[in-house]
Amino acid sequence: MEKPEILQAQYSFIKLLVCMQASLELFDEIEGTKFYRHDLKRVINNSKDKIEKALNSTYSFIDDNEKEETLRSIDRAVHQILDSTLEELFAKGYEPEIDNERD
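Here's what the structure looks like:
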């Protein structure tokens, strides 16, 4: 792998960490609601256990000198997702295609 590919892979990995951490937070928010039924409870608890194990083992590989800043950055990104309204998330994720052929 060349340096740009390695850097892109690292960025993708950090994005994955953010999504996994956000998932854990959202799982906690669902607990106690009417959506947290028996079948879903089992899936969520199983997923939480696996995600927590994966995150803990991954976080252990972060260099101690960079760990605090990395974890703060991940936390900021997670809270940016969690604090956004559903409308804001859809607005950020939707970019209409511009059909240049019609012009």
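0 is the number of the first residue of the sequence shown in the numbering used here; add one for each residue after it.
Ideal placement from N, C-alpha and C gives every residue a C-beta, glycine not left out.
Remember, predicted model here, so these are calculated numbers, not experimental data.
- Under the DSSP assignment, threonine 32 falls outside any alpha helix (DSSP H); it carries neither an H nor an E label.
- Check the Cα spacing between aspartate 27 and each of Ile43, Ile13 and Leu88: the tightest is with Ile43.
- Taking C-alpha positions only, aspartate 74 is separated from leucine 39 by approximately 26 Å.
- In the three-state scheme derived from DSSP, where H, G and I count as helix and E and B as strand, glutamate 1 is classed as coil.
- By the Cβ-count criterion, glutamine 20 is buried, with 16 or more other Cβ atoms from all chains shown falling within 10 Å of its own Cβ.
- For leucine 81 against glutamate 24, the beta-carbon gap comes to about 6 Å, under 8 Å, which counts as contact.
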